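S.K.: Protein chains in written order, with my numbering: chain A, 101 to 208; chain B, 463 to 578.
Cβ atoms here follow ideal geometry from the backbone N, Cα and C, with glycine treated the same way.
On a predicted model such as this, the values are computed, not experimentally measured, just so you know.
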Amino acid sequence: AQRVTQPEKLLSVFKGAPVELKCNYSYSGSPELFWYVQYSRQRLQLLLRHISRESIKGFTADLNKGETSFHLKKPFAQEEDSAMYYCAPLYNFNKFYFGSGTKLNVKP
Amino acid sequence: GAGVSQSPRYKVAKRGQDVALRCDPISGHVSLFWYQQALGQGPEFLTYFQNEAQLDKSGLPSDRFFAERPEGSVSTLKIQRTQQEDSAVYLCASSSPTRDIQREQYFGPGTRLTVT
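(1) Is any beta-carbon of chain A found at less than 8 Å from that of residue 565(B)?
(2) Return helix, strand or coil for residue 154(A), following the three-state DSSP convention.
(3) In or out: residue 201(A) buried (at least 16 other Cβ within 10 Å) or exposed?
(4) In the DSSP assignment, find the unbroken beta strand (DSSP E) run with residue 178(A) in it and report its ends.
(5) Residues of chain A with a CB under 7 Å from the CB of residue 549(B): which are they?
(6) Measure the C-alpha to C-alpha separation of residue 462(B) and residue 471(B) and round it to an integer number of angstroms.
(7) What's the C-alpha gap between residue 531(B) and residue 510(B)?
(8) If we call anything under 8 Å between Cβ atoms a contact, is residue 549(B) one with residue 567(B)?
(9) In the DSSP assignment, what residue or residues form a beta bridge with residue 485(B)?
(10) Give me the chain B residues within the contact set of residue 145(A), using Cβ-Cβ distance strictly less than 9 Å, ordered along the chain.
(11) Strictly below 9 Å CB to CB, what residues from chain A border residue 498(B)?
(12) Run down chain A in chain order and give the residues with a C-beta less than 8 Å from the C-beta of residue 508(B).
(13) Measuring only between beta-carbons, confirm whether residue 537(B) sits less than 8 Å from chain A.
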């Protein structure tokens, strides 16, 4: 079975501190890796995807196939980054398996 | 343009009642997905349509759950004889893989179902 592990349910950091949200996935084929974010009272939305190798809102994520990890990082957290973050490998081109999510709380 | 919409936004049902949840995908999106999100959990895949064809229903938890998309646009998720464990937020998402080869899914606001 495909599994996604986000070990931290809650991550609290101070504004300006670095942040890393961990994600490990079980290996089956070659999933595409995504991070989705849900801000308070908003719908789930795409943050970034590994295939684009992009940086969105200062966030980056490195795919490590050896460790089957796709950790999300930002060097300097901002208060507006407070949200729920979900790691989501995409299998078979259409089926997302979402992790249980990490709530990021950035304190002033 | 308009995003994915879902109705109703909130539904309270008594145990044993049938419910129907509606999803209007983004116009032109051929793929439509349903997810169930229990409290404190991430969304879990239920089923997937490409146009009107239901290509994957492996995530439907029981035969009380039924989804349809008869004309390839609007979709309805029906739950018969609701049970308390059906209480969750039901999310709909759509995508257009022919235009977005990276397969981003656009989510609706969800329907929060509470079974009493």
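M.R.: In this structure, then:
(1) Stepping through the second sequence from its first residue, residue 565(B) is reached at position 103. Chain A contact via Cβ: present.
(2) Your numbering for residue 154(A) matches position 54 in the first sequence. Shown here, residue 154(A) sits in coil according to DSSP, grouped into three states, outside any helix or strand.
(3) Here residue 201(A) corresponds to residue number 101 of the first sequence, with the count starting at 1. In this structure residue 201(A) is buried. Its beta-carbon is surrounded by 16 or more other beta-carbon atoms within 10 angstroms.
(4) Here residue 178(A) is taken as the residue at index 78 of the first sequence, counted from 1. Per DSSP, residue 178(A) belongs to no beta strand (DSSP E) and is neither H nor E.
(5) What you label residue 549(B) is simply residue 87 of the second sequence in a count that begins at 1. In chain order: nothing, as chain A lies at least about 17 Å away.
(6) A query on residue 462(B) cannot be resolved here, the shown segment of chain B reaching from 463 to 578 and no further.
(7) Taking the second sequence and counting its residues from 1, the one referred to as residue 531(B) is at position 69. Taking the second sequence and counting its residues from 1, the one referred to as residue 510(B) is at position 48. Each residue's alpha carbon lies about 10 Å from the other.
(8) Start at 1 with the first residue of the second sequence, and residue 549(B) comes out as number 87. Start at 1 with the first residue of the second sequence, and residue 567(B) comes out as number 105. Contact: no.
(9) Within the second sequence, numbered from 1, the residue matching residue 485(B) stands at position 23. Paired residue(s): 468(B) and 537(B).
(10) Here the question's residue 145(A) lines up with position 45 in the first sequence. Simply 568 and 569.
(11) Working through the second sequence from its first residue, we reach residue 498(B) at position 36. Result: empty, since nearest Cβ-Cβ is about 11 Å, beyond 9 Å.
(12) Numbered from its first residue, the second sequence carries residue 508(B) at position 46. What residue 508(B) touches in chain A, judged by beta-carbon distance under 8 Å, is nothing: the nearest beta carbon there is about 10 Å away.
(13) What you label residue 537(B) is simply residue 75 of the second sequence in a count that begins at 1. Contact of residue 537(B) with chain A is not assigned, every C-beta pair being separated by 8 Å or more.
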